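Numbering (UniProt numbering), first residue to last: 1 to 71. Yeah, the Cβ is synthetic: ideal placement off N, Cα and C, and Gly gets one too. Please read these numbers as outputs of a predicted model, since none were measured by experiment. Written below as structure tokens is the structure these notes are about.
This is the structure:
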């Protein structure tokens with residue numbers, strides 16, 4: 001499955017790379033792309049990956065993930 005979500009707090013390519021590395025460490029995530037200009041991340045993952053796991057990974061990296069209406 002593919003999921004796209006907003007990532008707040010990124011200011012440079014190092015930030016985007018940090019978020020990408022954090023997402024790739026989540027079990028079940030097979031690929032991750034982070035767009036610094038649009039402040040979005042897109043992942044490919046199996047169906048066992050939850051929004052919470054992705055949000056926690058981004059948060060642990062020092063940024064904030066926003067899925068739909070969740071803040």
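By Cβ distance, which residues of its chain are closer than 6 angstroms to residue i, with the 5 residues on each side in sequence left out?
i: residue 38; result: none
i: residue 64; result: 8 and 9
For the candidate residues the options, whose alpha-carbon lies nearest to that of residue i?
i: residue 18; options: 5, 68, 2 and 32; result: 32
i: residue 60; options: 4, 2, 20 and 11; result: 20
i: residue 10; options: 41, 30, 4 and 51; result: 41
So what does residue i bridge to, in DSSP terms?
i: residue 35; result: 40
i: residue 3; result: 43
i: residue 8; result: 64
Could you check what DSSP says for residue i in three-state terms: helix, strand or coil?
i: residue 53; result: helix
i: residue 26; result: coil
With a CB to CB cut of under 7 angstroms and the five nearest residues on each side skipped, what residues in its chain are close to residue i?
i: residue 72; result: Beyond the ends of the chain as shown, which are 1 and 71, falls residue 72; an answer cannot be given.
So, at 8 angstroms on beta carbons, what are the nonlocal neighbours of residue i in its own chain, with the 5 sequence-adjacent residues on each side left out?
i: residue 71; result: In this predicted model, residue 71 has a pLDDT of only 43, less than 50, meaning its place in the structure is not dependable; the value taken from the coordinates is given anyway. Excluding positions up to five away in sequence, the list is empty.
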